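Counting in numbering that gives the first Met the number 0, the sequence shown runs from 0 upward without gaps. Note that beta-carbon positions come from the ideal geometry of N, C-alpha and C, so glycine has one too. Since the structure is predicted, the reported quantities are computational estimates derived from the model, not experimental observations. Beneath this line is the structure, given in structure tokens, with notes to follow.
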Amino acid sequence: MTAAAAMSSVGRKTGTGEPTVWPDLYAALAEREASLLDIIWEQHRYHEHRRWSAERLLHAINFSELSASDRFFVTNAGRAELTTKPGADRVARLADAECRRWLGKDDTVAKVMQACGTWSRYWNEEEAHHEMAFNFLSLALRLDPPDDATVIEYRKIFPDDDMLRTLTLLACSEINAAVTYNEYARRTREPGLRALLLQVGADEVQHMRYFIAFAKALVDSGAYPAKGVLAIAHLFVRPGGEIYGATRPETATRETHVNWWDHLDDAEGDVSLLMGVDKKLQMTYKMVEQVTGLVVNSPDEVEDTWLGLVD
Ligand SMILES: [Fe+2]
Ligand SMILES: [Fe+2]
Numbered sequence: 000m001t002a003a004a005a006m007s008s009v010g011r012k013t014g015t016g017e018p019t020v021w022p023d024l025y026a027a028l029a030e031r032e033a034s035l036l037d038i039i040w041e042q043h044r045y046h047e048h049r050r051w052s053a054e055r056l057l058h059a060i061n062f063s064e065l066s067a068s069d070r071f072f073v074t075n076a077g078r079a080e081l082t083t084k085p086g087a088d089r090v091a092r093l094a095d096a097e098c099r100r101w102l103g104k105d106d107t108v109a110k111v112m113q114a115c116g117t118w119s120r121y122w123n124e125e126e127a128h129h130e131m132a133f134n135f136l137s138l139a140l141r142l143d144p145p146d147d148a149t150v151i152e153y154r155k156i157f158p159d160d161d162m163l164r165t166l167t168l169l170a171c172s173e174i175n176a177a178v179t180y181n182e183y184a185r186r187t188r189e190p191g192l193r194a195l196l197l198q199v200g201a202d203e204v205q206h207m208r209y210f211i212a213f214a215k216a217l218v219d220s221g222a223y224p225a226k227g228v229l230a231i232a233h234l235f236v237r238p239g240g241e242i243y244g245a246t247r248p249e250t251a252t253r254e255t256h257v258n259w260w261d262h263l264d265d266a267e268g269d270v271s272l273l274m275g276v277d278k279k280l281q282m283t284y285k286m287v288e289q290v291t292g293l294v295v296n297s298p299d300e301v302e303d304t305w306l307g308l309v310d
């Protein structure tokens with residue numbers, strides 16, 4: 000039997016069409032519609048289908064046409080992307096520890112954790128493209144690239160938290176990143192940089208979709224209460240919340256790790272840290288609905304729903 004025939008004989012399980020983020024992961028594993036290898040194969044296919052070359056996209060950028068705003072944007076993006084590796088390293092470790100903790104108690108949750116930890120290898124690799132593309136531009140254009148001490152500082156691994164809260168925070172972080180890249184892609188006039196920003200933005204949207212899928216699986220399992228999702232969403236969307244990043248009058252200074260959205264320089268030229276705030280809010284409300292089934296449409300509704308779940 001050929002590989003293609005083998006694939007078609009098992010239907011969508013091992014993926015014969017366009018790869019995608021596996022829908023309803025908890026049900027698929029609980030009802031044994033899919034094995035971990037089915038799900039990991041789909042993750043792998045999706046990763047392969049979406050690969051791109053940072054080198055090739057960088058070659059298409061006309062450096063002499065980059066504006067002051069473009070230069071400012073890529074400098075900040077390079078620093079922000081440095082924090083993705085510790086994020087992915089942490090998810091890999093935490094998800095495997097959680098997998099072992101759930102084994103024998105709820106084997107389906109254990110499998111969801113293993114699927115999440117395995118996917119983090121693709122996430123880490125994809126973020127490497129973002130980090131290196133923007134920091135290469137910082138180096139090549141002498142835009143104050145991160146020095147060694149900064150690289151080491153930005154690699155600090157975040158402290159552990161409950162897995163559902165962690166996945167929700169990562170979904171929020173990807174929403175912020177995706178909207179920021181797409182908004183600035185509309186502002187830059189250099190087509191090569193625009194193509195790079197759109198490519199990176201498309202990756203961030205896929206990452207968001209994966210975090211939503213894993214978070215939804217944990218809520219669907221009944222092992223993780225939905226209030227954790229609302230608590231993190233509230234942290235982002237409340238007035239003065241994380242969505243407003245470094246524009247807030249006060250941002251937390253942490254010894255433990257670096258939140259990229261707290262460390263962007265002030266707005267400059269065409270770049271504003273408030274680019275796409277409304278879009279970020281709408282996507283966060285949608286994320287809450289996709290993960291929990293609860294409909295929220297404003298910061299007040301997020302807070303009220305959260306407090307209703309805490310009571
Ligand atoms: Fe990224
Ligand atoms: Fe991302």
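- [ ] Return yes when at least one heavy atom of ligand 1 lies under 6 Å from the C-beta of His128, else no.
- [x] For the purposes of this step, residue 128 is taken as residue 129 along the sequence shown, with counting starting at 1. Answer for His128: no, Cβ out of range of ligand 1.
Open item on the list: Could you check whether the Cβ of His46 sits closer than 6 Å to any heavy atom belonging to ligand 2?
Closed with: Taking the first residue of the sequence shown as 1, we reach residue 46 at position 47. Answer for His46: no, Cβ out of range of ligand 2.
- [ ] Tell me where the alpha helix (DSSP H) around Thr298 begins and ends.
- [x] Position 299 of the sequence shown, counting from 1, holds the residue named residue 298. The sequence shown places Pro at residue 298, not Thr. That run of the alpha helix (DSSP H) goes 298-309.
- [ ] Classify Leu169 as helix, strand or coil using the three-state DSSP reduction.
- [x] As a first step, residue 169 is located in the sequence shown; it is residue number 170 there, counting from the start. Note: Leu169 maps to helix in three-state DSSP.
Open item on the list: So Leu166 and Phe213 are supposed to be a Cβ contact under 8 Å. How far apart are they, rounded?
Closed with: Taking the sequence shown and counting its residues from 1, one reaches residue 166 at position 167. Taking the sequence shown and counting its residues from 1, one reaches residue 213 at position 214. Contact holds; Cβ gap of about 5 Å.
Open item on the list: On a Cα-Cα basis, can you pick out the residue from Asp88, Val301, Glu64, Gln281 that is closest to Leu229?
Closed with: Translated into positions along the sequence shown, residue 229 becomes position 230. Ranking Asp88, Val301, Glu64, Gln281 by Cα distance to Leu229 puts Val301 first.
Task: Rounded C-alpha distance that separates Ser52 from Arg141 - done: Here residue 52 is taken as the residue at index 53 of the sequence shown, counted from 1. Here residue 141 is taken as the residue at index 142 of the sequence shown, counted from 1. Going by the C-alpha atoms only, they are around 22 Å apart.
TODO: Could you tell me whether any non-hydrogen atom of ligand 1 is closer than 6 Å to the CB of Glu80?
DONE: Residue mapping note: residue 80 aligns to position 81 of the sequence shown, counting from 1. Result yes, Cβ under 6 Å from ligand 1.
- [ ] Below 8 Å on the Cβ atoms is my guess for Tyr209 versus Leu196; work out the distance and round it to an integer in Å.
- [x] Stepping through the sequence shown from its first residue, residue 209 is reached at position 210. Stepping through the sequence shown from its first residue, residue 196 is reached at position 197. 21 Å between Cβ atoms; not a contact.
Open item on the list: Using 8 Å as the cut-off, can you tell me whether the region 141-159 makes contact with the region 83-100, which would need three or more C-beta pairs spanning the two stretches below that distance?
Closed with: yes
Task: C-alpha distance - Glu125 paired with Lys104, whole-angstrom precision - done: Here residue 125 corresponds to residue number 126 of the sequence shown, with the count starting at 1. Here residue 104 corresponds to residue number 105 of the sequence shown, with the count starting at 1. Rounded to the nearest angstrom, the two C-alpha atoms are 33 Å apart.
Open item on the list: Please report the straight-line C-alpha distance between Tyr153 and Thr82, rounded to a whole angstrom.
Closed with: For the purposes of this step, residue 153 is identified with residue 154 of the sequence shown, where counting begins at 1. For the purposes of this step, residue 82 is identified with residue 83 of the sequence shown, where counting begins at 1. One C-alpha to the other measures close to 5 Å.
TODO: Report yes if the C-beta of Glu203 is less than 6 Å from at least one heavy atom of ligand 2; otherwise report no.
DONE: Mapped onto the sequence shown, residue 203 falls at position 204. Under cutoff, so the answer is yes.
Open item on the list: Quick check on the DSSP output: the alpha helix (DSSP H) that includes Asn123 runs from which residue to which?
Closed with: Locating residue 123 in the sequence shown gives position 124, counting from the first residue. Note, Asn123: alpha helix (DSSP H), 106-139.
Task: Cβ neighbour criterion (16 or more within 10 Å) applied to Ala59 - done: To locate residue 59, count along the sequence shown from 1; it is residue 60. With fewer than 16 Cβ atoms within 10 Å of its Cβ, Ala59 is classed as exposed.
- [ ] Classify Val295 as helix, strand or coil using the three-state DSSP reduction.
- [x] On the sequence shown, position 296 is the one that residue 295 refers to. Reduced to three states, the DSSP call for Val295 is coil.
Open item on the list: If I measure Cβ to Cβ from Leu102 and keep anything under 8 Å in the same chain, skipping five residues before and after, which residues do I get?
Closed with: Indexing the sequence shown from 1 puts residue 102 at position 103. Counting only Cβ-Cβ distances below 8 Å, and skipping sequence neighbours, we find Ala109.
Open item on the list: So, at 6 Å on beta carbons, what are the nonlocal neighbours of Val178 in its own chain, with the 5 sequence-adjacent residues on each side left out?
Closed with: Within the sequence shown, the letter at position 179 stands for residue 178. Gly275, Lys278, Lys279, listed in sequence order.
Open item on the list: Is the beta carbon of Tyr45 closer than 7 Å to that of Pro18?
Closed with: Position 19 of the sequence shown, counting from 1, holds the residue named residue 18. Position 46 of the sequence shown, counting from 1, holds the residue named residue 45. It is a contact, given that the beta carbons lie within the stated cut-off.
- [ ] Taking only the alpha-carbon atoms, compute the straight-line gap between Arg237 and Arg185 and give it to the nearest angstrom.
- [x] In the sequence shown, counting from the first residue as 1, residue 237 sits at position 238. In the sequence shown, counting from the first residue as 1, residue 185 sits at position 186. Looking at the two C-alpha atoms, the distance is approximately 27 Å.
Open item on the list: So the candidates are Arg100, Ala67, Ile211; which of them puts its Cα closest to the Cα of Glu173?
Closed with: Locating residue 173 in the sequence shown gives position 174, counting from the first residue. Measuring from the Cα of Glu173, the nearest candidate turns out to be Ile211.
TODO: Identify whether Trp40 lies in helix, strand or coil by the three-state DSSP scheme.
DONE: For the purposes of this step, residue 40 is taken as the residue at position 41 of the sequence shown. Looking at Trp40 - three-state DSSP - the assignment turns out to be helix.
Task: Expected contact under 8 Å - CB spacing of Val290 and Lys215 to nearest Å - done: Mapped onto the sequence shown, residue 290 falls at position 291. Mapped onto the sequence shown, residue 215 falls at position 216. Indeed they touch by this definition, with Cβ atoms about 5 Å apart.
TODO: Please check the pair Phe72 and Tyr183, which I expect to be a contact at CB under 8 Å, by giving their CB distance rounded to whole angstroms.
DONE: As a first step, residue 72 must be located in the sequence shown, where it is residue number 73. As a first step, residue 183 must be located in the sequence shown, where it is residue number 184. So it is a contact: roughly 5 Å between Cβ atoms.
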